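What follows is a single structure, written as structure tokens, with notes after it.
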Amino acid sequence: MNDTLKNKTALVTGANSGMGMATVRALSDMGARVIMLCRSEKRGKEALERLLSEDTSRTLELILCDLGDYDSIRNFANIVRSNYDHIDIIVNNAGFISLDRQETKEGLERQFGINHIGHFLLTMSLLDLMGEGGRIVNVSSGAHKVGKIHFDDINLHKGFNVITAYSQSKLANVLFTRELARRVKDRGITVNCCHPGAVATNIGIDRETGFGKTITGLLKPFFQTPEQGARTAIFLASDSSVSDITGEYFYKCKIAKSSKQSKDPQLAERFFEFSKELVGIS
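Going by our numbering, the letters in the sequence shown line up with residues 145 to 426, in that order.
Dropping the structure here:
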């Protein structure tokens, strides 16, 4: 263990497996206290026990939250507020992808609802706990490059398919990153996003490709491990070389090219205000 993040408090969403667990492991090994946001109590406890069995000196707290439920997110934020007086790092890692159209409790298309709106509400609910040197990392995807924000049909009642839905949610991550970075720059908080690459996950469908379980299994040797996929998010959360960089899109720990749409400041501002309306933030 090193002490790069000693006395820092980090929050990681989707912390019970894959890149989320790899991120928790790395940040805690740098000395951070890590809040593990998980939806499933069973899987969350199993992940917590595994991480502590590897190293009993880790300081971890499991707090349950469903990112597809506004009330659950607000309750999570209240628990964090009662337990912590500051948050230094937020890694919005949790991802959802589905071949079938599903909805959140509030009726949002589920990929948009969890991948963007859930993280938007979570981050905005905790933002005042962050100060100078705070870092927010949003895990996006190269899929954002084929994405479009469907303002007139954000929940894709008319035109749902997995590519349209997933790419919209990932473009949303980049736009949120750009606009939030602009809004909090004067507070010394950085906001960046990253493309993890094609990562073999345990959710049956890969975040990058949308391949089903069988194909994912066949191609698994060609995918990165979760540890490899998490490297850029970990880098953005901890490395001193990026302490003054904000509003950027990274791949393999370097600033990378993102889509033309993702760099449109008017679109980013419009979408931020649109997101605020969806979650009821004035």
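Beta carbons are placed, not taken as given, at the ideal position from N, Cα and C, and that holds for glycine. Computed from a prediction, not measured in an experiment: that's the story for all the values here.
Where in the stretch 270-346 do unbroken runs of the beta strand (DSSP E), each at least 3 residues long, occur, reported from the N-terminal end onward? 279-283 and 334-339
Outcome for Asp173 when other beta-carbon atoms lying within 10 angstroms are tallied against a minimum of 16: buried
Since Gly175 and Asp232 should fall inside the 8 Å C-beta cutoff, what is the C-beta to C-beta distance between them, to a whole number of angstroms? About 11 Å; that fails the 8 Å criterion.
Please classify Ser387 as buried or exposed, where buried requires at least 16 neighbouring CB atoms within 10 angstroms. exposed
Under 8 Å, do Ala111 and Leu181 count as touching if we go by C-beta distance? There is simply no residue 111 to check, as the chain begins at 145 and stops at 426 in what is shown.
Strictly by DSSP, which residues pair up with Leu411? Paired residue(s): none; Leu411 is not in a bridge.
In chain order, what residues of the same chain lie with their CB nearer than 7 Å to the CB of Leu252, ignoring the 5 residues before and after it? Ile261 and Asn299
I believe Ser184 touches Ala221 by the beta-carbon criterion, under 8 Å. Please report the beta-carbon distance rounded to the nearest angstrom. Contact flag wrong, Cβ pair sits at about 19 Å.
Taking a contact to mean a Cβ-Cβ separation below 8 Å, would you say Asn236 touches Thr157 in this structure? yes
Would you tell me roughly how many angstroms separate the C-alpha atoms of Ala325 and Arg194, rounded to the nearest one? 35 Å
Confirm, please, whether the CB-CB distance from Ser385 to His339 is below 8 Å. no
What residue range does the beta strand (DSSP E) around Thr153 cover? Thr153 to Thr157
Does the Cβ-Cβ distance between Gly303 and Ile258 come in under 8 Å? no
For the beta strand (DSSP E) containing Met180, list its first residue and its last residue. Arg177 to Cys182
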